[in-house]
Amino acid sequence: MTSPTLSPPSLTADHHQPPSVRVEQLSLRYGRKVAFANVDAQFRAGQITALIGPSGCGKTSFLSCLNRLHELTPKAQLFGQVYLNDCDTATIPLTPLRRQVGMLFQKPNPFPLSIYRNLAFPLKEHGICDRTHIHHIIETTLTDVGLWTEVKDRLKAPALSLSGGQQQRLCLARALALKPQVLLMDEPCSALDPLSSEVIEDLIVRLKGTYTILVVTHNLGQASRIADDVAFFWVQHDVGQLIEFGSAQEIFTHPQDPLTAAYVSGRRG
Ligand SMILES: Nc1ncnc2c1ncn2[C@@H]1O[C@H](COP(=O)(O)OP(=O)(O)OP(=O)(O)O)[C@@H](O)[C@H]1O
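Numbering-wise, my numbering comes out as the position in the sequence shown, counting from 1, plus 581.
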């Protein structure tokens, strides 16, 4: 019996236990604009947390603070602390931090290079230069995202010649190749057709346990299908706020805050 394309054999990283992610009194401003303020939360190790809420409530900005991607925006100012387990991320040099905390964006963003070099390039940047080792990682991660059989005969083809869904799986493989412990995903399915979206969603669920995953999604159905925990953001007085945090079960069936109840029932937002 042949194994289905979407039964990846490993999806394992070289670490035993991914860290929890904790933020304390976290706020971000862009000049005078406060994107979100005073967020306290703990994202459980190895679990999937969905970040939900209406447009502009600070979800993407929040995600960007966790691997200090916000530092690429010159006027962004961060207040408060982010911890991986008990390690303050402000004390971790950027290169190892970004290696430890990988990111997948809304729109697939492969480099304008071959499929092979999309994975080989970041590995070399992070000091992995042995060709056999690189090839092994590439084959393993492409297998893990169900792409190896589709591309193994065209590894030198441009990554941009792949379909949108394949490009997103390549980007996920690129993130996994660096053996992160935390994965941040910003609406990873929203630019994809329903079938490709289902493939990515399925992969996210398979990554659970091995990685601590935070995923921004506007798709409440998706959040309820894949998330263990849910963080609900809302804009109050023009500032993003974390209104409620709880298990997906609690948030979708017994939300405590009337705003959460209105949002998850589709009455607001
Ligand atoms: N570089 C920036 N400079 C100034 N303001 C910004 C910048 N990036 C985001 N903002 C503002 O910060 C607030 C939060 O934006 P953010 O993109 O984080 O929200 P979001 O919840 O992810 O929205 P969406 O769901 O539409 O992606 C918004 O008011 C936005 O206009």
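Backbone N, C-alpha and C fix where the C-beta goes; we use that ideal spot for every residue, glycine too.
Small disclaimer: the values here were computed from a predicted structure and weren't measured.
- Around the CB of S846, fewer than 16 other CB atoms lie within 10 Å, so the residue is classed as exposed.
- A distance below 8 Å between beta-carbons, with the five flanking residues on each side excluded, links D809 to the following residues of its chain, in chain order: R625, Q628, I629, T630, K789, S828, A829.
- DSSP lists V797 as the bridge partner or partners of D767.
- DSSP places V820 inside the beta strand (DSSP E), whose first and last residues are 820 to 828.
- At least one heavy atom of ligand 1 sits closer than 7 Å to the Cβ of G637.
- Taking the CA atoms as reference points, T791 sits about 10 Å from K760.
- Shown here, D783 sits in a helix according to DSSP, grouped into three states.
- Ranking T730, L764, G802 by CA distance to the CA of E779 puts G802 first.
- In this structure, A622 has its beta carbon at no less than 7 Å from each heavy atom of ligand 1.
- The beta carbon of R649 sits closer than 7 Å to the beta carbons of T670, L675, L678 from its chain, once the five residues preceding and following it are set aside; these are given in chain order.
- Here D725 is buried: its Cβ has 16 or more other Cβ atoms, across all protein chains shown, within 10 Å.
- Remark: C-beta atoms of T641 and D819 do not approach each other more closely than 8 Å.
- In the displayed model, F702 falls within a helix according to three-state DSSP.
- Contact annotation: V763 and V602 have beta-carbon atoms nearer than 8 Å.
- P769 is a Cβ neighbour of L685, given a cutoff of 8 Å.
- Separation of the CB atoms of F814 and F617 is rounded to 7 Å, and the pair is thereby assigned contact status at 8 Å.
- Counting of Cβ neighbours within 10 angstroms places P600 among the buried residues, the total reaching 16 or more.
- Assigned with DSSP and collapsed to three states, K789 falls in strand.
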